[in-house]
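Trainee:
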Amino acid sequence: RGGCSKASKSDGLHALTASVGEANILGADAVCNMIFVGHEREPRMFEIMQQLREECLRYGLVLVAELLPADFDNSYDPDLIDLCVRLGYEHGADVIKTYYTPKNYHEIVTNCPVPVVMAGGPKDRGIYDYIGKAMHEGASGVAIGRNIFQSDDPARTVADIVNIVHGEGRS
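Everything in the sequence shown is counted per our numbering, starting at 569 for the first residue and increasing by one.
Printed below as a string of structure tokens:
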């Protein structure tokens, strides 16, 4: 999928800019689709997800669905996170990427039949605490970008995250 550049006046209309077949040729193991749950264009985002789902089945690739609340003021609301997870599963995601929420997270992720990974988090050292809590509550892992590539020492940040996910953060 593809979104808009920061120069665009659009507020998030997504369009397919590459195919699953192309991802397969490039050696990808998975593709990711983003959906803003509650956005006025949500139905179109789910149409794109369905198209990707069909292509992933054809090529044997994993579909990671990143579902986030469109209401940025309530991004960590447990009811919205629960809805994101449920919609991801119901629409055929193999893995769901969404925010960690301190309330009801264990129930949300353990009730989902597919893996749920934590998206993003605080842009400081608080990310480690967030990851530890998410893993303790049942997250299957994390999918983090900016916290790594914007850190002063990306290699150290990755090593710390790996230690939490595969070491002390697991209960």
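Where is the CB? At the ideal position from N, CA and C, for every residue including glycine.
Cα separation between Ser643 and His734?
Mentor: Rounded to the nearest angstrom, the two C-alpha atoms are 27 Å apart.
Trainee: Unbroken alpha helix (DSSP H) runs of length 4 or more, entirely within the segment 603-665: which are they?
Mentor: Counting only runs of 4 or more, we get 610-627, 646-658.
Trainee: Just the C-alpha distance for Thr669 and Gly656, rounded to the nearest angstrom, thanks.
Mentor: The alpha-carbon atoms of Thr669 and Gly656 are separated by roughly 17 Å.
Trainee: Taking just the CA atoms, how far does Val632 sit from His582?
Mentor: Answer to the nearest angstrom: the Cα atoms are 16 Å apart.
Trainee: Using 8 Å as the cut-off, can you tell me whether the segment 671-682 makes contact with the segment 705-713, which would need three or more C-beta pairs spanning the two stretches below that distance?
Mentor: Enough Cβ pairs lie closer than 8 Å, so yes.
Trainee: Exposed or buried, which one is Glu623 when buried takes at least 16 other CB atoms within 10 Å?
Mentor: It is buried - the Cβ of Glu623 has at least 16 other Cβ atoms within 10 Å.
Trainee: Quick check on the burial criterion: 16 or more other C-beta atoms within 10 angstroms. Buried or exposed for Pro722?
Mentor: Pro722 is exposed by the Cβ-count criterion.
Trainee: Using the three-state DSSP reduction, which class does Ala702 fall into: helix, strand or coil?
Mentor: Three-state DSSP puts Ala702 in a helix.
Trainee: Note down the Cα distance separating Gly660 from Gly589, rounded to an integer number of angstroms.
Mentor: Near 18 Å, if we compare the C-alpha coordinates of Gly589 and Gly660.
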